[in-house]
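Trainee:
There are 4 protein chains.
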Amino acid sequence: MPVDPIQEQLIQARRNQILDAATTAFAQKGYHRATIQDVAKVAGIAAGTIYNYFENKTALLMGILERLNETERRDDDMSQMLKMDSHTFTQHYLRRRFEVLTQNGFEIFQIVLSEVLIDSDLRAIYMAQVIEPTFALAENYYAQAVGSGKIRSDADIALMLRLTSATVVGILVLRILGDREIVGKWDQIPDLLTTMMLDGILPPKGDV
Amino acid sequence: MPVDPIQEQLIQARRNQILDAATTAFAQKGYHRATIQDVAKVAGIAAGTIYNYFENKTALLMGILERLNETERRDDDMSQMLKMDSHTFTQHYLRRRFEVLTQNGFEIFQIVLSEVLIDSDLRAIYMAQVIEPTFALAENYYAQAVGSGKIRSDADIALMLRLTSATVVGILVLRILGDREIVGKWDQIPDLLTTMMLDGILPPKGDV
Amino acid sequence: MPVDPIQEQLIQARRNQILDAATTAFAQKGYHRATIQDVAKVAGIAAGTIYNYFENKTALLMGILERLNETERRDDDMSQMLKMDSHTFTQHYLRRRFEVLTQNGFEIFQIVLSEVLIDSDLRAIYMAQVIEPTFALAENYYAQAVGSGKIRSDADIALMLRLTSATVVGILVLRILGDREIVGKWDQIPDLLTTMMLDGILPPKGDV
Amino acid sequence: MPVDPIQEQLIQARRNQILDAATTAFAQKGYHRATIQDVAKVAGIAAGTIYNYFENKTALLMGILERLNETERRDDDMSQMLKMDSHTFTQHYLRRRFEVLTQNGFEIFQIVLSEVLIDSDLRAIYMAQVIEPTFALAENYYAQAVGSGKIRSDADIALMLRLTSATVVGILVLRILGDREIVGKWDQIPDLLTTMMLDGILPPKGDV
DNA sequence: CATGAATGAGAGTTCATTCAT
DNA sequence: GATGAATGAACTCTCATTCAT
């Protein structure tokens with residue numbers, strides 16, 4: 025069956041419309057409490073129509089996760105970043121991560137994270153497809169950075185990267201939880217985090 | 025109506041038995057997918073009995089959260105910690121936090137976190153009763169530490185504390201998600217984190 | 025409105041195409057489990073098109089039944105058969121019935137029978153239009169046969185005919201159920217049945 | 025878990041109550057058209073209660089079939105029948121089969137037959153557990169009868185038995201379809217059938 | 001006349017909650 | 001206080017039917 029490109033576009037548009045609605049509905053009530061009717065109502069279509077585009081409710085969740093993945097991957101021309109010094113690199117890296125978070129809307133992470141904590145199948149997918157790639161580039165960079173003496177050689181790179189990423193994840197969680205400091209100073213965070221991570225919270229040695 | 029203390033103890037024992045079962049059941053299947061029958065089966069009692077001790081299913085979740093609070097608060101004689109230097113204090117503080125996490129079992133955070141991300145009422149309670157107190161002591165200490173020049177005075181204390189806590193939260197999330205680095209090196213994390221936070225990931229100045 | 029005969033033929037062709045598809049689809053999944061989409065797919069047309077030719081799903085079933093009727097009636101020039109002796113007549117009659125069954129495909133009886141057992145409206149139609157006519161001719165013949173002494177006069181003709189027809193129906197059912205003896209020896213059955221019915225299963229009197 | 029015999033009886037009673045209701049409801053509307061609500065209404069209980077006793081709607085059908093099996097098997101002390109002459113044996117056998125049909129109520133066969141024609145899984149079960157055993161005894165007897173010269177030795181026993189059983193099945197079908205002759209003379213059928221099968225419909229040789 | 005996306009009523013099924021025992 | 005059978009509202013999903021294109 026030859027694919028009509030216009031048909032294909034219409035189908036994609038409808039799928040996106042439904043996924044947008046699902047994101048909204050799931051974020052408001054949570055995946056389980058939100059019904060297909062809720063999603064349909066938000067999308068402004070009949071409930072049955074959703075099943076012309078998605079096999080079942082779970083597929084909606086998967087669809088949201090897939091779209092998230094695409095966004096995550098869509099960028100990251102990191103070739104230049106490897107030439108930067110530690111500070112600039114870290115700064116760029118964190119800014120980029122925060123942009124991705126901000127652009128996607130936090131709802132999407134709210135949904136995905138809360139389900140991922142519960143559903144072990146989803147968890148495996150999420151780890152492999154979202155979390156791990158988030159580590160990948162930095163891991164590559166830091167390995168080189170250690171080699172060239174930019175970073176302390178006694179460090180456990182793998183673990184330290186987890187801690188760094190954990191910080192980003194944790195900030196996201198606190199943001200979703202509604203912490204006012206985090207929400208209010210969202211844009212300053214990447215740079216503050218850069219400083220904190222590179223130099224620590226102690227006063228500069230020379231200052232004492 | 026005077027309360028019979030023995031009756032009271034029996035009631036508390038039964039409540040705890042049910043909450044333990046609920047924790048187990050919710051952790052396995054998630055709050056929504058776990059049924060009251062599941063909880064009852066784990067507890068070794070009839071489903072109806074649960075309703076003699078808890079108003080409804082939501083109350084089970086609240087009960088779990090309350091018990092978590094009690095644990096969090098049960099300790100923390102921090103009076104001595106205020107006399108410590110920055111490194112020792114931070115180390116103590118992080119070790120303490122990780123102990124609490126480990127002792128409670130991660131399941132409980134898995135349950136609470138996933139629901140808290142969804143349910144805005146629960147979220148408000150959780151923020152006020154669990155997250156905020158976790159900040160409180162440190163906030164107090166660091167304010168003093170800045171005053172006495174132990175910490176760089178240009179820092180945004182409130183925000184920096186959020187970032188620190190975010191790291192702990194994020195580590196917990198990654199642990200729940202099953203990250204192998206985090207799981208394998210769990211016990212080393214508090215100390216590594218202490219170093220990283222205080223000194224940063226840059227090599228010591230003198231090394232260059 | 026004068027009917028364009030070419031139009032009429034096209035319509036009939038399309039109706040037959042759809043009924044063929046419906047027969048196939050219904051036989052595979054059963055009337056209820058087969059969807060209009062299934063029928064459309066087998067027919068190679070769109071689902072909506074079916075509704076240009078049939079009022080609803082039930083009408084498809086009726087259409088199948090009607091076509092069955094036409095086949096049943098299409099032949100049966102029985103004028104010569106009345107001149108035959110009992111054995112030849114019975115043999116011809118049974119062979120003819122089995123041909124009809126075989127030609128139509130058993131699927132059609134599978135569909136019709138299963139629905140007829142359930143739907144009382146359909147049942148009335150089926151009785152009046154299919155079963156009863158099947159009796160008619162034979163009834164006529166046997167009445168004459170009794171009159172001329174070819175058949176025992178103490179017999180209850182009407183009932184005996186039902187039993188004979190019942191045998192044919194039952195054989196069909198067993199065939200649909202997949203009985204191996206019946207399936208394997210299908211072609212021998214009319215003649216065996218002729219012998220059995222006329223002479224019984226007892227050994228010939230003279231043999232003893 | 026030790027089984028409380030009174031509990032067990034109550035459960036069986038409720039199961040039977042539900043199966044009775046299901047038989048009624050399915051016979052009226054057919055298995056597919058009858059809803060669980062219909063069954064519940066007939067049984068005078070809530071729809072959900074049915075699911076405490078049967079896994080799903082299919083299990084209701086299976087339950088009906090199982091009860092039918094039990095009835096079929098409940099009897100048949102055929103040891104004496106083997107001593108009978110052909111006529112008495114056949115008469116007893118057919119009478120017995122008709123009794124079973126009559127006692128169970130025709131609805132049950134209406135339901136089972138119509139589903140069995142459609143569902144190939146069910147068909148296999150039905151063949152193995154209901155139809156085949158119905159053949160078994162007779163097959164045994166007739167084999168002996170042929171050996172002792174009571175039945176013509178040129179007969180294909182296996183096939184002839186199918187034809188006999190087919191007749192019973194066919195009579196049942198015609199009865200369900202509402203044929204008046206069959207319904208009206210139901211009780212005479214076994215004996216008439218006996219005569220017809222043994223002696224054929226031809227007039228006795230000596231009569232000519 | 002053909003199409004097939006959209007519809008929404010209605011089905012089977014689950015499960016929190018109640019209450020007679 | 002403990003039980004667990006009964007309840008029925010609410011959910012997901014299916015599919016006959018319609019109708020704009």
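Protein chains in written order, with our numbering: chain V, 25 to 232; chain H, 25 to 232; chain L, 25 to 232; chain F, 25 to 232.
Where a beta carbon is used, it is the ideal one built from N, C-alpha and C, also for glycine.
In this text the structure is predicted, and so the values were computed from the model without any measurement.
(1) Any idea what DSSP makes of Gly-129(V), helix, strand or coil?
(2) Thinking just about the alpha-carbon of each residue, which of Gln-61(H), Gly-202(H), Asp-203(H) and Thr-188(H) is nearest to the one in Leu-217(H)?
(3) When you compare the CB of Gln-41(V) with every CB in chain H, is at least one pair closer than 7 Å?
(4) Expressed to the nearest angstrom, what Euclidean distance is found between the alpha-carbon atoms of Gly-173(H) and Tyr-166(H)?
(5) What is the rounded straight-line gap between the Cα of Pro-214(H) and the Cα of Leu-185(H)?
(6) Enumerate in chain order the residues of its own chain whose CB-to-CB distance from Ala-45(F) is below 6 Å, with the five nearest sequence positions on each side excluded.
(7) To the nearest angstrom, report how far apart Glu-79(V) and Glu-156(H) are at their CA atoms.
(8) At least one CB of chain V closer than 7 Å to the CB of Glu-131(H): is that the case?
(9) Please classify Asp-203(H): does DSSP put it in a helix, a strand, or coil?
(10) Hey, Thr-114(F) and Gly-194(L) are a contact pair by Cβ (cut 8 Å); roughly how many whole angstroms apart?
(11) Quick one, are the C-beta atoms of Ile-135(L) and Ala-49(L) less than 7 Å apart?
(12) Please tell me whether Thr-47(H) and Glu-131(H) are closer than 7 Å, where the distance is taken between their beta carbons.
(13) Can you round the beta-carbon distance between Leu-92(V) and Leu-43(V) to whole angstroms, since I take them to be within the 8 Å contact cut?
(14) By the three-class DSSP mapping on this structure, what secondary structure does Gly-68(H) have?
(15) Should Asp-183(V) and Glu-205(H) be called a contact, given that it needs their Cβ atoms to be closer than 7 Å?
(16) Show which residues of chain V have a CB atom less than 7 Å away from the CB atom of Asp-67(H).
(17) Could you confirm whether any beta carbon from chain F is found closer than 7 Å to the beta carbon of Ala-169(L)?
(18) For His-56(L) and chain F, any beta-carbon pair shorter than 7 Å?
(19) List the residues of chain H whose Cβ lies closer than 8 Å to the Cβ of Glu-163(V), in chain order.
(20) Identify, in the order they occur along the chain, each residue of the same chain with its Cβ nearer than 6 Å to the Cβ of Arg-39(V), setting aside the five sequence neighbours on each side.
(21) Along the alpha helix (DSSP H) that carries Asp-44(H), what are the first and last residues, could you check?
(22) Assign Arg-57(L) to buried or exposed, taking buried as 16 or more other Cβ atoms, counted over all protein chains shown, within 10 Å of its Cβ.
(23) Under 8 Å Cβ-Cβ, which residues of chain F neighbour Glu-123(L)?
(24) Please state whether the Cβ-Cβ distance between Ile-142(F) and Gly-54(L) is less than 7 Å.
(25) Helix, strand or coil for Asn-164(F) per DSSP?
(26) Less than 8 Å between the CB atoms is what I'm expecting for Phe-133(F) and Ile-200(F), so what's the real figure, rounded?
(27) What whole-angstrom Cβ distance do Leu-125(H) and Leu-196(H) have, given they're in contact under 8 Å?
(28) Applying a beta-carbon distance threshold of less than 7 Å, which residues of chain L neighbour Asp-62(F)?
(29) Grab me the residues of Leu-146(V)'s own chain with a C-beta within less than 6 Å of its C-beta, minus the 5 sequence neighbours each way, in chain order.
(30) Assign Asp-109(H) to buried or exposed, taking buried as 16 or more other Cβ atoms, counted over all protein chains shown, within 10 Å of its Cβ.
(31) For Asn-80(V), does the three-state DSSP call read helix, strand or coil?
(32) For Ile-30(L), count the other beta carbons within 10 Å of its own beta carbon; 16 or more makes it buried, fewer makes it exposed. Which is it?
(33) Starting from Ala-58(F), trace the alpha helix (DSSP H) both ways and give me its first and last residue.
(34) Using only alpha-carbon positions, find the residue among Ala-152(V), Gln-168(V) and Gly-208(V) that is nearest to Lys-107(V).
(35) Below 7 Å between beta carbons: does that hold for Leu-222(V) and His-111(V)?
(36) Taking the alpha carbon of Thr-82(L) as the reference point, which residue from Phe-159(L), Lys-209(L), Thr-59(L) and Arg-121(L) has its own alpha carbon closest?
Mentor: From the atom records:
(1) Per DSSP, reduced to three states, the secondary structure at Gly-129(V) is coil, with no helix or strand assignment.
(2) Per the C-alpha coordinates, the member of Gln-61(H), Gly-202(H), Asp-203(H) and Thr-188(H) positioned closest to Leu-217(H) is Thr-188(H).
(3) Under the 7 Å criterion on CB atoms, Gln-41(V) is classed as non-interfacial with respect to chain H.
(4) Distance from the CA atom of Gly-173(H) to the CA atom of Tyr-166(H), rounded to whole angstroms, is 10 Å.
(5) So the alpha carbons of these two residues sit roughly 16 Å apart.
(6) Answer for Ala-45(F): Val-63, Val-66 and Ala-67, listed in chain order.
(7) One C-alpha to the other measures close to 42 Å.
(8) Glu-131(H) has a beta carbon lying at 7 Å or more from every beta carbon in chain V.
(9) Reduced to three states, the DSSP call for Asp-203(H) is coil.
(10) In fact, because the Cβ distance is near 17 Å, the residues do not count as touching under 8 Å.
(11) Cβ distance not < 7 Å, so Ile-135(L) and Ala-49(L) don't count as in contact.
(12) Less than 7 Å divides the Cβ of Thr-47(H) from the Cβ of Glu-131(H).
(13) Wrong, their Cβ atoms sit about 10 Å apart, outside the cutoff.
(14) In this structure, Gly-68(H) counts as coil in the three-state DSSP scheme.
(15) A small fix is needed here, since residue 183(V) is Leu in this sequence, not Asp. Taking 7 Å as the cut-off, the Cβ atoms of Leu-183(V) and Glu-205(H) count as close.
(16) For the record, residue 67(H) in the displayed sequence is Ala; it is not Asp. Identification of chain V residues near Ala-67(H) by a Cβ-Cβ cut-off of 7 Å yields none; the smallest Cβ-Cβ distance measures about 21 Å.
(17) Answer no: the Cβ-Cβ gap between Ala-169(L) and chain F never drops below 7 Å.
(18) So, interface residue.
(19) Simply none; closest approach about 11 Å.
(20) Cβ within range, chain order: Tyr-77.
(21) First-last of the alpha helix (DSSP H) with Asp-44(H): 29-53.
(22) The residue in question, Arg-57(L), is exposed, as its Cβ has fewer than 16 Cβ neighbours within 10 Å.
(23) Within chain F, no residue comes near Glu-123(L); the closest Cβ sits about 18 Å away, beyond 8 Å.
(24) Ile-142(F) places its beta carbon less than 7 Å from that of Gly-54(L).
(25) Note: Asn-164(F) maps to helix in three-state DSSP.
(26) Rounded, the Cβ-Cβ distance is 7 Å, consistent with contact.
(27) Distance from Leu-125(H) to Leu-196(H) at the Cβ level is roughly 6 Å; contact confirmed, criterion being Cβ atoms closer than 8 Å.
(28) By Cβ distance, chain L contributes nothing, its closest Cβ being about 14 Å from Asp-62(F), past 7 Å.
(29) Hits under 6 Å: Glu-139 and Val-140.
(30) The residue in question, Asp-109(H), is exposed, as its Cβ has fewer than 16 Cβ neighbours within 10 Å.
(31) It is coil, neither helix nor strand.
(32) Answer is exposed; the Cβ neighbour count stays below 16.
(33) Secondary structure note for Ala-58(F): it is in no alpha helix (DSSP H), with a DSSP letter that is neither H nor E.
(34) Nearest option by C-alpha distance: Gln-168(V).
(35) Taking 7 Å as the Cβ cut-off, Leu-222(V) and His-111(V) qualify as a contacting pair.
(36) Put simply, of Phe-159(L), Lys-209(L), Thr-59(L) and Arg-121(L) the residue whose alpha carbon is nearest the alpha carbon of Thr-82(L) is Thr-59(L).
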